[in-house]
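All remarks here apply to the structure that follows.
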(Lines of atoms letter the chains of each structure in order from A and count residues from 1; the text may use other names and numbers.)
(Lines give C-alpha, C1' and ligand atoms only; values in the text may rest on other atoms or scores of the structure.)
Protein backbone atom coordinates (compact mmCIF):
# COMPACT_ATOMS: atom_id res chain seq x y z
CA UNK A 1 0.00 0.00 0.00
CA UNK A 2 1.29 3.44 -0.89
CA UNK A 3 2.04 5.85 1.96
CA UNK A 4 0.23 8.57 -0.05
CA UNK A 5 -3.06 6.69 -0.32
CA UNK A 6 -5.76 7.28 2.29
CA UNK A 7 -6.66 4.12 4.21
CA UNK A 8 -10.40 4.45 3.60
CA UNK A 9 -10.16 3.87 -0.16
CA UNK A 10 -10.86 0.17 -0.77
CA UNK A 11 -11.96 0.18 -4.40
CA UNK A 12 -14.35 -2.32 -5.88
CA UNK A 13 -14.72 -5.88 -4.67
CA UNK A 14 -14.24 -8.86 -6.97
CA UNK A 15 -18.01 -9.44 -7.04
CA UNK A 16 -18.70 -5.83 -8.00
CA UNK A 17 -16.10 -6.02 -10.78
CA UNK A 18 -17.68 -9.20 -12.20
CA UNK A 19 -21.15 -7.64 -12.22
CA UNK A 20 -19.89 -4.42 -13.83
CA UNK A 21 -17.88 -6.33 -16.47
CA UNK A 22 -21.01 -8.27 -17.43
CA UNK A 23 -23.09 -5.09 -17.50
CA UNK A 24 -20.68 -2.76 -19.36
CA UNK A 25 -18.15 -5.04 -21.04
CA UNK A 26 -14.55 -4.06 -21.66
CA UNK A 27 -13.15 -0.51 -21.57
CA UNK A 28 -12.50 -0.47 -25.32
CA UNK A 29 -12.94 2.46 -27.65
CA UNK A 30 -15.12 1.16 -30.48
CA UNK A 31 -14.44 3.15 -33.63
CA UNK A 32 -16.76 2.67 -36.55
CA UNK A 33 -15.31 0.29 -39.10
CA UNK A 34 -13.06 1.88 -41.68
CA UNK A 35 -15.28 3.50 -44.27
CA UNK A 36 -14.37 3.14 -47.90
CA UNK A 37 -13.91 6.13 -50.17
CA UNK A 38 -17.20 5.45 -51.99
CA UNK A 39 -19.14 5.37 -48.70
CA UNK A 40 -17.63 8.67 -47.61
CA UNK A 41 -18.47 10.31 -50.95
CA UNK A 42 -22.01 8.89 -50.84
CA UNK A 43 -22.46 10.31 -47.34
CA UNK A 44 -21.38 13.74 -48.58
CA UNK A 45 -23.74 13.59 -51.59
CA UNK A 46 -26.69 12.71 -49.30
CA UNK A 47 -26.18 15.78 -47.09
CA UNK A 48 -29.10 18.25 -47.35
CA UNK A 49 -26.84 21.26 -47.98
CA UNK A 50 -25.09 19.47 -50.83
CA UNK A 51 -28.45 18.53 -52.35
CA UNK A 52 -29.51 22.20 -52.21
CA UNK A 53 -26.30 23.17 -54.00
CA UNK A 54 -27.00 20.58 -56.72
CA UNK A 55 -30.54 21.95 -57.18
CA UNK A 56 -29.26 25.55 -57.35
CA UNK A 57 -26.55 24.56 -59.82
CA UNK A 58 -29.07 22.73 -62.00
CA UNK A 59 -31.37 25.76 -62.01
CA UNK A 60 -28.53 28.00 -63.16
CA UNK A 61 -27.81 25.72 -66.11
CA UNK A 62 -31.53 25.31 -66.97
CA UNK A 63 -32.01 29.10 -66.94
CA UNK A 64 -29.02 29.57 -69.24
CA UNK A 65 -26.78 31.15 -66.61
CA UNK A 66 -23.77 29.01 -67.53
CA UNK A 67 -21.11 31.10 -65.75
CA UNK A 68 -23.10 31.05 -62.48
CA UNK A 69 -23.69 27.32 -62.92
CA UNK A 70 -19.96 26.73 -63.36
CA UNK A 71 -19.20 28.84 -60.26
CA UNK A 72 -21.75 26.83 -58.28
CA UNK A 73 -20.23 23.60 -59.58
CA UNK A 74 -16.78 24.77 -58.43
CA UNK A 75 -18.26 25.63 -55.01
CA UNK A 76 -19.77 22.14 -54.78
CA UNK A 77 -16.43 20.52 -55.58
CA UNK A 78 -14.74 22.66 -52.91
CA UNK A 79 -17.41 21.78 -50.31
CA UNK A 80 -17.11 18.08 -51.17
CA UNK A 81 -13.31 18.20 -50.97
CA UNK A 82 -13.38 19.90 -47.57
CA UNK A 83 -15.94 17.41 -46.25
CA UNK A 84 -13.87 14.50 -47.57
CA UNK A 85 -10.73 15.91 -45.96
CA UNK A 86 -12.52 16.31 -42.61
CA UNK A 87 -13.85 12.74 -42.75
CA UNK A 88 -10.40 11.31 -43.45
CA UNK A 89 -8.80 13.48 -40.76
CA UNK A 90 -11.40 12.48 -38.15
CA UNK A 91 -10.99 8.78 -38.96
CA UNK A 92 -7.23 9.12 -38.44
CA UNK A 93 -7.85 10.92 -35.14
CA UNK A 94 -10.19 8.15 -33.99
CA UNK A 95 -7.58 5.54 -34.85
CA UNK A 96 -4.95 7.46 -32.89
CA UNK A 97 -7.30 7.66 -29.90
CA UNK A 98 -7.97 3.93 -30.12
CA UNK A 99 -4.25 3.20 -29.98
CA UNK A 100 -3.96 5.16 -26.73
CA UNK A 101 -6.22 2.66 -24.97
CA UNK A 102 -3.74 -0.22 -25.15
CA UNK A 103 -2.11 0.76 -21.87
CA UNK A 104 -1.75 -0.78 -18.44
CA UNK A 105 -2.95 0.89 -15.27
CA UNK A 106 -2.80 0.53 -11.50
CA UNK A 107 -6.16 0.40 -9.72
CA UNK A 108 -7.35 -0.23 -6.19
CA UNK A 109 -9.55 -3.31 -5.83
CA UNK A 110 -10.34 -5.14 -2.61
CA UNK A 111 -8.12 -2.64 -0.77
CA UNK A 112 -5.04 -3.60 -2.81
CA UNK A 113 -3.19 -2.01 -5.69
CA UNK A 114 -3.26 -4.22 -8.77
CA UNK A 115 -1.76 -3.75 -12.22
CA UNK A 116 -4.01 -4.62 -15.17
CA UNK A 117 -4.81 -3.83 -18.80
CA UNK A 118 -6.79 -0.60 -19.24
CA UNK A 119 -9.46 -2.56 -21.11
CA UNK A 120 -10.27 -4.39 -17.85
CA UNK A 121 -11.39 -1.17 -16.13
CA UNK A 122 -15.02 -0.89 -15.08
CA UNK A 123 -17.10 2.09 -13.91
CA UNK A 124 -16.25 2.82 -10.27
CA UNK A 125 -12.63 1.64 -10.42
CA UNK A 126 -10.16 3.84 -8.59
CA UNK A 127 -7.33 4.60 -10.99
CA UNK A 128 -3.92 5.59 -9.66
CA UNK A 129 -2.19 7.93 -12.07
CA UNK A 130 1.49 8.62 -12.35
CA UNK A 131 3.39 11.41 -14.01
CA UNK A 132 3.35 11.19 -17.79
CA UNK A 133 0.81 8.41 -18.17
CA UNK A 134 -2.24 8.49 -20.43
CA UNK A 135 -5.56 8.62 -18.62
CA UNK A 136 -7.15 5.27 -19.57
CA UNK A 137 -10.83 6.19 -19.05
CA UNK A 138 -13.11 9.07 -18.18
CA UNK A 139 -12.72 9.61 -14.45
CA UNK A 140 -13.60 11.78 -11.49
CA UNK A 141 -10.69 13.08 -9.43
CA UNK A 142 -10.99 11.93 -5.82
CA UNK A 143 -7.70 13.34 -4.58
CA UNK A 144 -5.02 15.45 -6.23
CA UNK A 145 -2.15 17.77 -5.44
CA UNK A 146 -0.97 20.16 -8.19
CA UNK A 147 -2.48 17.99 -10.91
CA UNK A 148 -2.20 19.29 -14.47
CA UNK A 149 -3.60 17.51 -17.50
CA UNK A 150 -2.64 17.89 -21.15
CA UNK A 151 -6.01 17.95 -22.96
CA UNK A 152 -4.61 18.94 -26.36
CA UNK A 153 -5.78 15.71 -28.02
CA UNK A 154 -9.40 16.59 -27.25
CA UNK A 155 -9.57 20.39 -27.03
CA UNK A 156 -6.55 21.50 -29.04
CA UNK A 157 -5.52 23.65 -26.07
CA UNK A 158 -1.72 23.76 -25.96
CA UNK A 159 -1.42 24.63 -22.27
CA UNK A 160 -1.97 22.10 -19.47
CA UNK A 161 -5.21 22.42 -17.50
CA UNK A 162 -5.10 22.35 -13.70
CA UNK A 163 -7.51 19.86 -12.12
CA UNK A 164 -8.74 19.51 -8.56
CA UNK A 165 -10.82 17.04 -6.60
CA UNK A 166 -14.31 16.19 -7.83
CA UNK A 167 -13.55 17.33 -11.38
CA UNK A 168 -14.06 15.10 -14.38
CA UNK A 169 -11.07 14.20 -16.54
CA UNK A 170 -11.46 12.69 -19.96
CA UNK A 171 -9.91 9.62 -21.46
CA UNK A 172 -7.05 10.17 -23.95
CA UNK A 173 -5.47 13.04 -22.06
CA UNK A 174 -2.00 12.94 -20.55
CA UNK A 175 -1.08 13.62 -16.92
CA UNK A 176 1.80 16.07 -16.67
CA UNK A 177 4.58 16.29 -14.04
CA UNK A 178 2.64 16.79 -10.80
CA UNK A 179 1.16 14.69 -8.03
CA UNK A 180 -1.34 12.40 -9.79
CA UNK A 181 -4.98 11.57 -9.18
CA UNK A 182 -5.50 9.63 -5.96
CA UNK A 183 -2.05 10.88 -4.88
CA UNK A 184 0.04 7.86 -5.71
CA UNK A 185 3.57 8.39 -6.93
CA UNK A 186 6.01 5.54 -7.25
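In my numbering, the protein residues as written are 206 to 391.
Even for Gly, the Cβ is constructed at its ideal location relative to N, Cα and C.
- Residue interval of the beta strand (DSSP E) (run including residue 366): Looking at the DSSP string, the run of the beta strand (DSSP E) that includes residue 366 is 366-368.
- Query: Closest by CA to residue 287, which one among 270, 318, 368 and 250?
  - Reply: 250
- Message: In this structure, how does DSSP classify residue 405 when only helix, strand and coil are distinguished?
- Response: Here the chain comprises residues numbered 206 to 391, so residue 405 is not present and cannot be evaluated.
- Item | Pairwise C-alpha distance: residue 358 and residue 248 | 26 Å
- Can you tell me which of 257, 313, 347 and 343 puts its alpha carbon nearest to the alpha carbon of residue 215? 313
- Quick one, which of 256, 290 and 291 has its alpha-carbon nearest residue 277's? In terms of CA proximity to residue 277, 256 leads the group 256, 290 and 291.
- Query: Which value, in whole angstroms, describes the spacing of the CA atoms of residue 273 and residue 280?
  - Reply: 10 Å
- So, using beta-carbon positions, are residue 332 and residue 310 closer together than 7 Å? yes
- Message: Less than 7 Å between the C-beta atoms of residue 232 and residue 334, yes or no?
- Response: no
- Query: Count the other CB atoms within 10 Å of the CB of residue 301; is the residue buried (16 or more) or exposed (fewer)?
  - Reply: exposed
- Message: Taking the beta strand (DSSP E) that residue 321 belongs to, which residues open and close that run?
- Response: 317-322
- In three-state terms, what does DSSP make of residue 250? helix
- Task: Starting from residue 359, trace the alpha helix (DSSP H) both ways and give me its first and last residue.
- Result: Here the alpha helix (DSSP H) through residue 359 covers 357-360.
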